[in-house]
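The structure appears right after this line, and notes come after that.
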Amino acid sequence: MSGSVEVRREGSGTRELIVLDNGVVRLVAAPGLGGRVLSVRHRGREHLYRNSRLLDEDLLPVEGVVLGPVDGPMSAWNNVGGDKTWPAPQGWDGPDEWAGPPDPVLDSGHYTVETDSAPDGSATLTLTSGDDPRSGLRLRRRLTLEPGVAGYRLELEAVNVSDTVRRWALWNVTQIDGAPTTREDTGGVFVGVRGDGPHVVALVAGNGHPRVVEHTPRVMRVPSQEVVGKVGFPTASGWLAHVGASGTLTQRFDVNEGADYPDAGSRAEVWLEAPVERPLEHLGGLYPVDRVTEVEALGPRTELAPGARTTLDVEFGFGTGAEPVAEVVPDGFWSEPPHWAAFDTRGGRLVGAFTALRPGALVHRSSGHVVARTGPGEPTHWAAPIPGADEHTATDVVFTPLRP
280 MSGSVEVRRE GSGTRELIVL DNGVVRLVAA PGLGGRVLSV RHRGREHLYR
330 NSRLLDEDLL PVEGVVLGPV DGPMSAWNNV GGDKTWPAPQ GWDGPDEWAG
380 PPDPVLDSGH YTVETDSAPD GSATLTLTSG DDPRSGLRLR RRLTLEPGVA
430 GYRLELEAVN VSDTVRRWAL WNVTQIDGAP TTREDTGGVF VGVRGDGPHV
480 VALVAGNGHP RVVEHTPRVM RVPSQEVVGK VGFPTASGWL AHVGASGTLT
530 QRFDVNEGAD YPDAGSRAEV WLEAPVERPL EHLGGLYPVD RVTEVEALGP
580 RTELAPGART TLDVEFGFGT GAEPVAEVVP DGFWSEPPHW AAFDTRGGRL
630 VGAFTALRPG ALVHRSSGHV VARTGPGEPT HWAAPIPGAD EHTATDVVFT
680 PLRP
């Protein structure tokens with residue numbers, strides 16, 4: 280049908296690639312490399328990190344490189360990049376901690392493939408791991424892309440395939456090129472938070488702890504910086520956004536208030552890498568050679584009886600702009616939430632900046648006035664006189680999608 284998502288399957292083994300393309304976003308997944316998404320291009324701009332020493336521009340192993348299941352210390356890990364799912368917590372002190380990466384099943388093993396196209400033109404790719412004897416888990420990653428939308432849905436599931444009770448959290452890891460934007464004060468990772476805090480916990484110091492600044496009382500920002508380390512956010516409200524040279528990548532996910540989250544209660548985490556002069560022996564010989572930013576969404580630790588499962592859904596969105604992110608909502612994200620601004624003798628104006636994930640309109644609900652039209656992934660700024668609007672109704676702006 281017209282407007283359907285294109286699905287292509289190419290190659291086999293570690294060279295197998297699955298492509299989903301809706302004309303706005305193009306996803307490429309590698310079932311033979313841990314079921315990860317290797318590439319996400321929004322309007323031709325790549326958002327994910329790719330290790331060019333392991334994969335060429337066509338996302339195939341470079342000449343002389345052999346990829347596949349691998350185990351051992353961190354120094355043996357073939358970090359090809361991309362977006363993948365692991366169990367948490369990570370650690371090497373016992374069976375209740377995931378001693379990876381590397382990992383021969385969940386991180387670098389082969390995932391089976393199912394594709395499906397729906398009558399509405401959307402396409403779904405389901406990637407399922409083998410049964411992992413160490414964690415007792417089987418992971419499933421289900422990606423759904425709709426026609427013309429600047430985003431996609433990722434549904435994660437972990438099933439206990441062992442014969443004993445296990446306790447794990449789902450942990451989605453998105454690796455992004457860590458190159459900074461031209462303005463240091465606008466880029467990095469933005470994390471929505473709620474409550475009184477503390478909002479940040481230091482988790483891992485490779486050669487230091489990442490610096491975190493307050494963007495607003497409800498948004499923390501991790502700027503791009505030359506450091507290897509990780510921070511967690513125990514009060515994360517359920518959204519993350521990375522602003523970099525390729526534009527903006529956002530993630531939305533549910534949080535469970537009062538649940539037990541790993542890593543000092545972290546619902547979201549940010550890991551930064553930068554080149555170092557020698558391997559980090561206290562991190563298993565990890566030897567970063569590129570600037571990489573990881574944005575990580577976590578589910579709660581869940582006790583799983585044999586055959587039981589836990590789930591986590593993550594909504595991805597993309598925009599071409601490189602402005603700070605104030606809030607991520609179901610239909611897009613605000614760079615400048617709507618507010619009332621005084622304009623000399625011309626009176627007041629309703630002002631804001633929003634990036635929608637699909638075509639539609641921003642409507643001032645009280646008056647019914649259309650504030651602005653939107654396109655998928657394109658920032659929309661406005662400063663307009665709205666009949667009946669004032670400082671008391673300035674936030675009464677809603678997104679209305681364009682119906683097909």
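Each residue of the sequence shown is one higher than the one before, starting from 280 at the first, in our numbering. Built from N, CA and C at the ideal position, the CB exists for glycine as well.
Same chain, Cβ closer than 6 Å to residue i, neighbours up to 5 away in sequence not counted
i: Trp356; result: Pro380 and Pro381
i: Arg320; result: Arg305
i: Thr590; result: Glu436
i: Val483; result: Gly508 and Lys509
i: Glu393; result: Thr405
i: Leu424; result: Val284, Leu299, Asn301, Ala402 and Tyr431
Cβ-Cβ separation, residue j to residue i (assumed contact under 8 Å), whole Å
i: Trp619; j: Ala553; result: Not quite, the Cβ-Cβ distance comes to about 42 Å (not below 8 Å), so this is no contact.
i: Gln266; j: Ala576; result: Examination of residue 266 is not possible in this model, given that the chain is present from 280 through 683 alone.
i: Pro502; j: Gly476; result: That belief does not hold up - the Cβ atoms of Pro502 and Gly476 are roughly 19 Å apart, past 8 Å.
Beta-carbon proximity check, residue i vs residue j, cutoff 9 Å
i: Val480; j: Met499; result: no
i: Gly457; j: Arg570; result: yes
i: Thr527; j: Phe612; result: yes
i: Phe633; j: Gly578; result: no
i: Leu641; j: Val649; result: yes
i: Trp365; j: Asp350; result: no
i: His326; j: Phe597; result: yes
i: Phe469; j: His488; result: no
i: Leu695; j: Val593; result: The first residue shown for the chain is 280 and the last is 683, placing residue 695 beyond what the model contains.
i: Arg315; j: Val359; result: yes
i: Trp377; j: Ser408; result: no
i: His671; j: Glu615; result: no
i: Thr599; j: Glu657; result: yes
i: Glu289; j: Ile297; result: yes
i: Thr391; j: Pro310; result: yes
Own chain, CB closer than 7 Å to residue i, minus 5 neighbours either side, in chain order
i: Pro558; result: Ser354, Gly564, Leu565 and Tyr566
i: Gly339; result: The question names Gly, but residue 339 in the sequence shown is Leu. Hits under 7 Å: Arg294.
i: Ser283; result: Ser396, Gly400 and Pro426
i: Ala621; result: Gly627
Cutoff 8 Å; reference residue i; Cβ partners in own chain excluding five residues on either side
i: Gly517; result: Gly471, Arg531, Phe532, Asp533, Val534 and Arg546
i: Val428; result: Asn301, Val303, Val304, Leu636, Arg637 and Pro655
Burial state of residue i, where buried means 16 or more other Cβ atoms lie within 10 Å
i: Thr403; result: buried
i: Asp411; result: buried
i: His690; result: With the chain covering only 280 through 683, there is no way to say anything about residue 690.
i: Ser291; result: exposed
i: Thr624; result: Here the model assigns Thr624 a pLDDT of 49, short of 50, so the residue's position is not dependable and the matter cannot be decided.
i: Gly343; result: exposed
i: Asp362; result: buried
i: Gly370; result: exposed
i: Val676; result: buried
i: His561; result: exposed
i: Asp335; result: exposed
i: Ala587; result: exposed
i: Ala662; result: exposed
i: Ala308; result: buried
i: Val345; result: exposed
i: Thr581; result: buried
i: Glu602; result: buried
i: His367; result: His is not the amino acid found at residue 367; the sequence shown has Ala there. That one is buried.
At least three beta-carbon pairs within less than 8 Å, the segment 444-456 to the segment 510-518: Segments in contact, no.
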